[in-house]
Each structure stands twice: as structure tokens, then as C-alpha cells.
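K.L.:
In the working numbering, the protein residues as written are 17 to 533.
Where a beta carbon is used, it is the ideal one built from N, C-alpha and C, also for glycine.
Model, not experiment: these values are computed from the prediction.
1. Taking the alpha-carbon positions, what's the residue 106 to residue 68 distance?
2. May I have the straight-line CA-CA distance separating residue 23 from residue 338, to the nearest angstrom?
3. Just the Cα atoms here: how many angstroms apart are residue 16 and residue 267?
4. So for residue 346, helix, strand or coil by DSSP?
5. Note down, in chain order, each residue of its chain lying with its Cβ closer than 8 Å to the Cβ of residue 3, except the 5 sequence neighbours on either side.
6. As a quick exercise: from 253, 327 and 198, pick the residue whose alpha carbon is nearest that of residue 93.
7. Quick check: what's the CA-CA separation for residue 17 versus residue 318?
8. Please report the distance separating the alpha-carbon of residue 391 from that of residue 178.
9. Where do the N-terminal and C-terminal ends of the beta strand (DSSP E) with residue 273 fall, by residue?
10. Between the beta-carbon of residue 56 and the beta-carbon of residue 156, is there less than 7 Å?
11. Quick one: what does DSSP say residue 216 is sitting in, helix, strand or coil?
12. Residue 60 lies in the beta strand (DSSP E); which residues open and close that run?
13. Is the beta carbon of residue 535 less than 7 Å from the beta carbon of residue 373?
14. Excluding sequence positions up to five away, which residues of its chain have a Cβ less than 7 Å from the Cβ of residue 185?
15. Can you round the beta-carbon distance between residue 60 and residue 175 to whole angstroms, since I take them to be within the 8 Å contact cut?
16. Measuring CB to CB, does residue 62 end up less than 7 Å from residue 203?
17. Buried or exposed, going by whether 16 or more other CB atoms sit within 10 Å of the CB of residue 209?
18. Just checking my contact of residue 251 with residue 275 at CB under 8 Å: how many whole Å lie between their CB atoms?
19. Which word fits residue 301, buried or exposed, when buried means at least 16 other C-beta atoms lie within 10 angstroms of its C-beta?
20. Beta strand (DSSP E) containing residue 464: first to last residue?
21. Hey, does residue 521 have any beta-carbon neighbour from chain C nearer than 7 Å?
22. Should residue 304 go down as buried or exposed, given a rule of 16 or more other Cβ atoms within 10 Å for buried?
23. Can you tell me whether residue 176 is helix, strand or coil according to DSSP?
24. Output needed for residue 148: all residues of its chain with C-beta closer than 7 Å, excluding positions within five of it in sequence on either side, in chain order.
25. For the alpha helix (DSSP H) containing residue 46, list its first residue and its last residue.
26. Would you say the beta carbon of residue 357 is closer than 6 Å to some non-hydrogen atom of the ligand GDP?
27. Does the separation of the CB atoms of residue 96 and residue 132 fall below 7 Å?
28. So for residue 231, helix, strand or coil by DSSP?
29. What ranges does the beta strand (DSSP E) occupy inside the segment 331-398, keeping only unbroken runs of at least 3 residues that lie completely in it?
30. Between the alpha carbons of residue 387 and residue 394, how many angstroms are there, rounded?
31. Whether or not the segment 426-445 and the segment 517-524 are in contact is what I'm after, with contact meaning three or more pairs of Cβ atoms, one per stretch, closer than 8 Å; do they touch?
32. Suppose only complete runs of 3+ residues qualify. What are the beta strand (DSSP E) ranges in the segment 431-460, listed by chain order?
33. Would you check if there are 3 or more beta carbon pairs closer than 8 Å linking the segment 455-468 to the segment 291-299?
34. Could you give the first and the last residue of the continuous beta strand (DSSP E) run that contains residue 319?
35. Compute the beta-carbon to beta-carbon distance between residue 371 and residue 344, rounded to the nearest angstrom, for a pair I have assumed lies under 8 Å.
36. Could you spell out where the alpha helix (DSSP H) holding residue 486 opens and where it closes?
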């Protein structure tokens, strides 16, 4: 069931802060007092921990005790407006410096909120007086677009805030631009104290070796679209949704508009309530879609990266990562969209269709942020490649299919181990496939009354067969597309032939008696 929007926890603002937020503010002000005026401080706090609340209170206190001005920078217009609104709630009169802003009255304000590109233009045109700015706050500080503005604030204290102190660019590590990192409350602590929901995570293994890494260090949209618009991936997505997320308000993240549109059509044809959103939608369309999503209990919203920041919808109960990423920040941002707490929601579902769990570990893992901040390359180099990830995979039957093999204690067959055993014993590599076919036949017979039942069950083993063939071809280092496809077809034929020839013998071996005529 969906969560009522009327059951939202009341957000605490103004002086009514949580103890960990007060603790963070004290630490930050202590750093102010003990450091030179051009010190660059970075503060980390998970999505949902209230970063905007914390820095709004910092602005309020700073203006009260210093005869200087404050500038808050964001990288998105939505964040600009949200930040301005929060500052106003804290009693901080502020001016938004957007492309249409009239700056003739700037002398009347002590706090400005600006988007990075607009601010860059205004400063280069000498339209904004920044001579009196003592504190600069940078929201989502891991984005590198901000660093080009640092030259304008050589006499200001800079406070960057982020959930993930890992730069969006390998060439520009955050440790080059910030003197110190203060690590805030952990995700685990925020969950235990009821500030965030706990993620229940489910992973579906996906072959990613066809993906191409682009200049930005992440997978290209083109290679992602080729993989995720394929029929088998769309089927896997629907299957995963129906197994883990059906009836829950669900957000699906994709890498590419085309993929999102394919997802939209696939779910619509299956009769589900779904909408698609990307950065080509007008403001009005976006507002209409988000209102529908908020008010529809089991709504599905498929989108591209547009909702990773500046989007706060606590009624989200399920997140589907229908994409792979090499960005730890993006991984945390996507999952964080489901972590908001409601009175009757303290857990949410995360379905991973991009091997992201295997790469980064569970969301909320106890990451050493200080080490990541100081040695980002060490951390990035330690991440597994797609080939290494896939070599650790183990095929897991979906629950519904596993129920049809309930008489079998074990349905998994370790191709790699069997291959090593066969080679050690001097057997041909083909023996691996023969043993695999025997094991598949055995589990089909264990759960069948007659040969026709067994053959019907064998037809349902397609994903497992494909997985085993994939493993086998890696073992023998031969994986041309045509060869792999031929092997898959040949395996299916041989499995059916084996069942027809040997059903009675296998049945008797399994049950201890011959099958009834």
C-alpha cells in the first residue's frame, strides 16, 4: 500500500534542531574560529540528514555575529529555490541571483543564493559586489563546476557540504580544494535513531561487459541504451518490479531518455500506472507529473538523472536502479531518494539491475570518508571491474521459479569449479556441459511426475542455461557471439534429448522406485 502524504513527519526548522545537527554546527564554528579567514572546510552528511537545515542555521548565526555577508551556491535552479525558502524559514532575508535578478538593490541584502553558472557570468561582468562576503557555502560540493569560482573568494571562508566527499572528476580531487573534512552522522546511526529508513536491497545479476566508459569516467549513454532497451533487460525489469516492488510507489532511474521511454511503454502495456520525466519536460509538465506521483499510492515514475538531487518525495517506497554507474555519489544519491522517514514507513525497497551493490557495497556501509577524501585514487582503484564483478556472480533462481523446484535441495551448479576439476583430471572441457546437463535433468525429474512435466520444467531454465554457458565460454576463453548462441541452442536440445532417453532411470535413482506408467 502507498503511504499517505498527510502522514509526513514534521520537519524541524529554526532553533528546533536535532542534537547531531547542533553538534555539527558547533564543530563547523570551532573550525571557523581556529582557522585563517580563507580556510576551505568540507562537511559530509548523508542525504536526508538535513544539510540545508544545518547550513541555514550556520548562516543565521554567522550574520548575527559577523559584520560580513554570506553567499550560498548551488548547481541547480530547484536547489536554489529550495535553499532560499529554507533560509527564509530561518529568518534569513536573502536574494536569489538568477539570470533575471535585478541587482540594483543588492546593498540591502546580507545573504545571496546563486546558481554557479549565473554567478560566474555576473562576477565576470562585475555586476555583483562580493568585496564584503565573509562566508561562502557550496551545496553538493562534489560537483567540480564550483572550483572555477574559488579565485573570486580568496579572502572568504568556504564551507562545502556533500553526502559523498568524492569529486565528480578524477582529475580534480576534493583534497586539492579543501583543507579539511568533517564527517557527520553515519547512515547507520541516522537509521537507528529513526531519521532515515532502512534499505531492503535486492540485486539481479546483469552482464555489463558490453558497456563503454566515457570521458567522464562513467558508462556512456549510448552503450547503456543498447543494453537496457533490449527485450531481455526490459523483461528482467518487469520481473524484478513484480517480485519486489509491485503495489509500492516506485522510482526507476535510467541512463538515457530512450531507455526511460522504453520502460514507460513496457510498463504501460503491462497495465501499470506509470509516468516518464526527463529534462526536456516543461516546468508545467514536470509539476503536473510530480503532483500525480505524490498523490497516487502505487505510482511508478521512470526518469533519467533529473531526480537525483533537489527532489524530495518521502512517500517513495521503492527505488529501482535500472542502470549501472561507476559513480559512488550517483549510487548514494539515487538510493537516498527513498530514505525519507514517514510515521508508517521505516524501510524501503531497492532493486539493483546494474551490479552497483557488488561494486560499492550496501547503501549505508561504513565507508571511511576521510580515507576516500584524502586518497580518492586508492579508493577508485580498489573498485572491481565489470569482468571481476561478473566472475563472482552466482545465478539465483527467482522465488516463483524456485518454488517449482521445491523438491530439490540445491539447484545451483558451479561451472567454474567443475571446469577446474575436469581439467585437473585430464578430462575435456566439454565434460563440464555434460555434467551440467545431468544436474539440470536431475532437478527437472525431482519435481516431475512424467517426462512431459520434466521437459516443460526444462524450458523454464533459460536464464540459468544462458548464465552457465556464459561462465563456460569465459573458462575456455572463447566467446564470439555466434559461438555462444550456438552453444545455448545446442545445450537446450541436448537437455531435452537427455530427459527423453534417461527419464525412467533418473526417476528411479531419485525416488527409489520406477515411475508409474
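P.N.:
Per the coordinate set shown:
1. Between residue 106 and residue 68, the C-alpha separation is close to 11 Å.
2. In this prediction, residue 23 scores a pLDDT of 34, lower than 50, which makes its location untrustworthy; the coordinate-derived value is nonetheless stated afterwards. Taking the straight line joining both Cα atoms gives about 29 Å.
3. In the structure as shown, the chain starts at 17 and stops at 533, and residue 16 therefore has no counterpart that could be examined.
4. Here residue 346 sits in helix by DSSP.
5. What the structure shows of the chain is the stretch from 17 to 533, and residue 3 is not part of that stretch, so it cannot be assessed.
6. Nearest Cα to residue 93 within the set 253, 327 and 198: 327.
7. Only weak support is given to the placement of residue 17: the predicted model assigns it a pLDDT of 38, under 50, and the value that follows is read from those uncertain coordinates. When only Cα atoms are considered, residue 17 and residue 318 end up about 19 Å apart.
8. Rounded to whole angstroms, residue 391 to residue 178 spans 17 Å at the Cα level.
9. Unbroken run through residue 273 is the alpha helix (DSSP H), 273-285; no beta strand (DSSP E).
10. Going by C-beta atoms, residue 56 is not nearer than 7 Å to residue 156.
11. Residue 216 falls in the strand class under three-state DSSP.
12. Segment 56-60, the beta strand (DSSP E) holding residue 60.
13. Outside the displayed span of the chain (17 to 533) sits residue 535, for which this structure offers no information.
14. Excluding residues up to 5 positions away in sequence, 160 lie with their Cβ nearer than 7 Å to the Cβ of residue 185 in the same chain.
15. Between residue 60 and residue 175, the beta carbon gap of about 12 Å keeps them out of contact (Cβ cut-off 8 Å).
16. Yes, the Cβ-Cβ distance between residue 62 and residue 203 is below 7 Å.
17. Classification for residue 209: exposed.
18. The beta-carbon separation of residue 251 and residue 275, rounded to 14 Å, does not stay under the 8 Å limit for a contact.
19. With fewer than 16 Cβ atoms within 10 Å of its Cβ, residue 301 is classed as exposed.
20. Counting along the chain, residue 464 falls outside any beta strand (DSSP E), and DSSP gives it neither H nor E.
21. You won't find chain C in this structure, because it holds only one protein chain.
22. By the beta-carbon neighbour count (other beta carbons within 10 angstroms, threshold 16), residue 304 is exposed.
23. Looking at residue 176 - three-state DSSP - the assignment turns out to be strand.
24. For residue 148, where only same-chain residues beyond five positions count, the Cβ hits under 7 Å are 84 and 85.
25. Residues 35-50.
26. Summarising the ligand content, the structure contains no ligands, and the ligand GDP is consequently not present.
27. No; because the gap between Cβ atoms is not below 7 Å, this pair is not in contact.
28. In the three-state scheme derived from DSSP, where H, G and I count as helix and E and B as strand, residue 231 is classed as coil.
29. The segment 331-398 contains these whole beta strand (DSSP E) runs: 334-337 and 363-368.
30. Those two C-alpha atoms are separated by around 9 Å.
31. Cβ pair count under 8 Å is below three, so no.
32. None, since the segment 431-460 contains no complete beta strand (DSSP E) of that length.
33. The segment 455-468 makes no contact with the segment 291-299, as fewer than three CB pairs between them are under 8 Å.
34. 316-319 is the span of the beta strand (DSSP E), which, as asked, contains residue 319.
35. Actually they do not touch by this definition, with Cβ atoms about 14 Å apart.
36. Membership of residue 486 in the alpha helix (DSSP H) is indicated by the continuous run 478-491.
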